[in-house]
DNA sequence: GTCTATAATACGATAGAC
DNA sequence: GTCTATCGTATTATAGAC
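Residue numbers (the numbering used here), protein chains in the order written: chain A, 2 to 224; chain G, 2 to 224.
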């Protein structure tokens, strides 16, 4: 008998009177809590005790499943990298015209960020605290996630629908335009308290304006 | 007799044989070290001991000058907010044609980021760790720094040289395209180890491509 | 103004009961 | 598999000498 994820993990006590849990569910709960904590505070700043409290278990369990703080961190980083690949790959962007593929990529990135608004901070924490030492182990996944965008830009230039541009720099500019919005959200809500920048309607506005800006900035107007 | 900032702060011992220092210089050294530390690790993750070591003084001095960790953090946040204003205001962007002013703004932002590559992390740390609780105290400064860009976009639309766009969203998109480059640097160096993304030549490439993308994305092509 | 020494606490990790 | 209790260390902060 397994717990359903999302409900309280306690199972009624066994005949011995001791409460028991589903190990796989516990592991996932720890990972979820750790992702939030490490996103907020990074590897050094993250508190094992805080993760345990959020996950509803004790610090001893974390050491039982992940050996130590660093092992847990490594496991936390792995999941989003895989999910990013899994979000991009099934789109089969290589089979679409560059312009269509680009818009689809942009909307997928923004939807991913909207679904995990603070997950990107994981990578900024990693970059700034550890100079990407743990990120380094995942370069393969990220190359897979970003490669399709490079490919789109090169195909667009080749067929003449995109103007001449540097694919790598343009990739960074596109991602920046899409993602920065979510990074600054918690600060900017104090600049413009009346707008809920994470509401679906406002995120959709962000997506539309992003697509418009990037397409206008990249399309070859002589074409 | 004062120390010159940047050289070793020790002054030859006085007649009593006790080494002395310039209090103002000490304070600045603490602020510099603290900015680096808090940028890397945020308020909670930052270590007073690490700041003291970098500044070349003891932890006792930090408490002497800034009362406690939180007081030091508050002082650290204040300086970049002021400097951002001081970088933008003298450009007198309101007196330039929108297109010229926009390019100047973009290049100023990128130059500022290149000069302080990890300073932007201060704000991300603040956003994610503290939900902008300390940022809130500085909204005035940031409104002053960003206001000119909003103004440029609105003037451009009014005179018809810019297409119809949302000034606030476009501001975020522009900043994202300019700044994201520096945020991901430490991770992406592992994706493309052969390129030194902080070298002046590559930063200039980034600036050129940014200007090109943003201007092309914003200009009214019917104009 | 700056240091050394230390008190007080917070945190990561482990042992051992159940 | 999960908990309670605890050890050892790292960290913030302070007291007091110079």
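Ideal Cβ positions, reconstructed from N, Cα and C, are used throughout, including at glycine.
Chain A residues whose Cβ lies nearer than 7 Å to that of residue i
i, result
"residue 40(G)", "129"
"residue 119(G)", "129"
"residue 217(G)", "217, 218"
Beta-carbon proximity of residue i to residue j, cut-off 9 Å
i, j, result
"residue 111(G)", "residue 211(G)", "yes"
"residue 73(A)", "residue 107(A)", "no"
"residue 39(G)", "residue 77(G)", "yes"
"residue 157(G)", "residue 70(G)", "no"
"residue 36(A)", "residue 81(A)", "yes"
"residue 59(A)", "residue 51(A)", "no"
"residue 43(G)", "residue 42(A)", "yes"
"residue 94(G)", "residue 152(G)", "yes"
"residue 114(A)", "residue 180(A)", "yes"
C-alpha distance - residue i paired with residue j, whole-angstrom precision
i, j, result
"residue 117(G)", "residue 23(A)", "48 Å"
"residue 124(A)", "residue 168(G)", "29 Å"
"residue 8(G)", "residue 66(A)", "Reliability fails at residue 8(G), whose pLDDT of 32 lies under 50, so the model's placement of it is uncertain and no value is given."
"residue 129(G)", "residue 62(A)", "26 Å"
"residue 174(A)", "residue 209(G)", "12 Å"
"residue 127(G)", "residue 184(A)", "11 Å"
"residue 214(A)", "residue 187(A)", "24 Å"
"residue 159(G)", "residue 79(A)", "48 Å"
"residue 104(A)", "residue 182(A)", "17 Å"
"residue 191(G)", "residue 56(G)", "30 Å"
"residue 75(A)", "residue 102(A)", "32 Å"
"residue 205(G)", "residue 216(A)", "23 Å"
"residue 109(G)", "residue 178(G)", "13 Å"
"residue 96(A)", "residue 28(G)", "59 Å"
"residue 207(A)", "residue 64(G)", "44 Å"
"residue 172(G)", "residue 25(A)", "44 Å"
"residue 131(A)", "residue 46(A)", "12 Å"
"residue 154(A)", "residue 120(G)", "31 Å"
"residue 195(A)", "residue 170(G)", "15 Å"
"residue 1(G)", "residue 86(A)", "The shown model of chain G, from 2 to 224, leaves out residue 1(G), and the question about it has no answer."
"residue 18(A)", "residue 176(G)", "The predicted position of residue 18(A) is uncertain, since its pLDDT is 28 and thus under 50; no value can be drawn from it."
"residue 193(G)", "residue 203(G)", "13 Å"
"residue 189(A)", "residue 68(A)", "38 Å"
"residue 12(G)", "residue 122(A)", "Model confidence at residue 12(G) stands at a pLDDT of 39, short of 50, so the residue's coordinates are unreliable; what they give is reported in the following sentence. When rounded, the distance between both Cα atoms is 43 Å."
Neighbour list for residue i in chain A, Cβ cutoff strictly below 9 Å
i, result
"residue 113(G)", "Neighbours of residue 113(G) on chain A: none; closest Cβ ~15 Å, over 9 Å."
"residue 64(G)", "Those within 9 Å of residue 64(G) in chain A number zero; the least Cβ separation is about 21 Å."
"residue 206(G)", "167, 170"
8 Å Cβ cut-off: residues of chain G touching residue i
i, result
"residue 171(A)", "210, 214"
Interface partners of residue i on chain A, CB under 8 Å
i, result
"residue 166(G)", "210, 213, 214"
Any non-hydrogen atom of the ligand FAD closer than 8 Å to residue i Cβ
i, result
"residue 149(A)", "The ligand FAD is absent from the structure shown, which contains no ligand whatsoever."
Exercise. Within the chosen definition, does the region 138–150 of chain G reach the region 190–200 of chain G through at least 3 CB pairs nearer than 8 Å?
Worked result: no
Cβ contact (3+ pairs, closer than 8 Å) linking the region 152–171 of chain A and the region 211–222 of chain A
yes
Assess, as a yes-or-no matter, whether the region 145–153 of chain A is touched by the region 86–106 of chain G under the definition of 3 or more beta carbon pairs within less than 8 Å.
With a cut-off of 8 Å, the region 145–153 of chain A and the region 86–106 of chain G do not count as touching, because too few Cβ pairs lie within range.
For this session: Give the residues from the region 177–193 of chain G that approach chain A closer than 9 Å (Cβ to any Cβ), ordered along the chain.
Result: 177, 178, 179, 180, 181, 182, 184, 185, 186, 187, 188, 189, 190, 191, 192, 193
If the cut-off is 7 Å on Cβ atoms, which residues from the region 121–150 of chain A count as contacting chain G, listed in chain order? 122, 124, 125, 127, 128, 129, 130, 132, 133, 136, 137, 140, 143, 144
Please list the residues of the region 44–56 of chain G that have a C-beta atom closer than 9 Å to any C-beta atom in chain A, keeping them in chain order. 44, 45, 46, 47, 48
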